[in-house]
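Under the working numbering, residues 19 to 223 are what the sequence shown spells out, in order. Structure first, then comments.
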Amino acid sequence: MNTRDLDTLREAVKAEAERDRQHVLAAAKAEAQGILDTARAEAEAEAERLVNAAKQQAAELKQQAMGAAQLEARALLTRKREALLDEVFARAAEKLSHPEAIDDYPNLVPGLIADAAAHITGVDMLIVHADAYTVGLLDKGVLNQLAADLGVSLTLGETLQDGVGVVVTSGDGRLRYDNTLGTRLERMRPTLRPLVYRVLTGGTQ
Numbered sequence: 019m020n021t022r023d024l025d026t027l028r029e030a031v032k033a034e035a036e037r038d039r040q041h042v043l044a045a046a047k048a049e050a051q052g053i054l055d056t057a058r059a060e061a062e063a064e065a066e067r068l069v070n071a072a073k074q075q076a077a078e079l080k081q082q083a084m085g086a087a088q089l090e091a092r093a094l095l096t097r098k099r100e101a102l103l104d105e106v107f108a109r110a111a112e113k114l115s116h117p118e119a120i121d122d123y124p125n126l127v128p129g130l131i132a133d134a135a136a137h138i139t140g141v142d143m144l145i146v147h148a149d150a151y152t153v154g155l156l157d158k159g160v161l162n163q164l165a166a167d168l169g170v171s172l173t174l175g176e177t178l179q180d181g182v183g184v185v186v187t188s189g190d191g192r193l194r195y196d197n198t199l200g201t202r203l204e205r206m207r208p209t210l211r212p213l214v215y216r217v218l219t220g221g222t223q
């Protein structure tokens, strides 16, 4: 093989090597591009997932905040309503502590005694304890008429030091019914509360 043939062979080998190099390089570039495209797609998908998760969390936090605000508003309304009702009942109790200022109070006293007597059964003698003002309204004529109506013996007991109205006991003192105005108000309070609040709010509740 002469020098010219050797040069031709070397050139052919060199060209083949260059083609192989270019082929490998192209394959490597294609593989790298595929990896890059896959990574980019995965990154975009993860970013979208994170954004959606953040939006969902923000929506949940907003909903929780709104719920908490609504609960606080309801709690505040309840506290104000209770304070208003307490004030109304406190004023009513204060008014009831002055029987002389209560319209038609003298005519209410017999009913207080009769109501108390109805809660003490099986006895033939009752003792009526009343505050000083009420005692002044219970003369013998009133007591005798009540006794006849109730079918029991009625006598006046010790004057009440606390409360306005009457406390009736059995003759032996074992049975007792407190019918003072303050106690009656407390007994009726659960029933009166919604009615009073309805009046205060103009019938909206």
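Glycine included, every Cβ here is placed at the ideal spot set by N, Cα and C.
Ignoring anything shorter than 4 residues, give me the alpha helix (DSSP H) runs that lie fully in the region 133-192, in order along the chain.
150-153, 158-168
Going straight from the alpha carbon of E62 to that of R99, what length do you get?
55 Å
Is it the case that the region 165-181 contacts the region 134-148, given that we only count it when at least three CB pairs across the two stretches are under 8 Å?
Look at the beta carbons and you see the region 134-148 touching the region 165-181: at least three pairs across the two are nearer than 8 Å.
Tell me, which residues are paired with N197 by DSSP?
V184
Going straight from the alpha carbon of L218 to that of E66, what length do you get?
So the two alpha carbons sit approximately 55 Å from each other.
Collapsed DSSP secondary structure at I131 in the structure displayed:
In the three-state reduction of the DSSP assignment, I131 falls in the helix class.
How many whole angstroms separate the CB atoms of V182 and L210, which I take to be in contact at a CB cut-off of 8 Å?
About 18 Å; that fails the 8 Å criterion.
In the structure shown, what three-state DSSP assignment does D4 receive?
Any question about residue 4 goes unanswered here, given that the chain covers just 19 to 223.
Below 8 Å, can you find three or more Cβ-Cβ pairs linking the region 185-193 to the region 128-140?
yes
So V214 and L103 are in contact, right, with Cβ under 8 Å, and what is the actual spacing, rounded?
6 Å
Taking just the CA atoms, how far does Q81 sit from A111?
45 Å
CA-CA distance, F107 and Q179?
22 Å
Can you give me the C-alpha to C-alpha distance between Q51 and N70, rounded to a whole angstrom?
28 Å
Pair within 7 Å by beta-carbon distance, S188 and V141
yes
T219 in three-state terms, based on DSSP:
DSSP places T219 in coil when its eight states are reduced to three.
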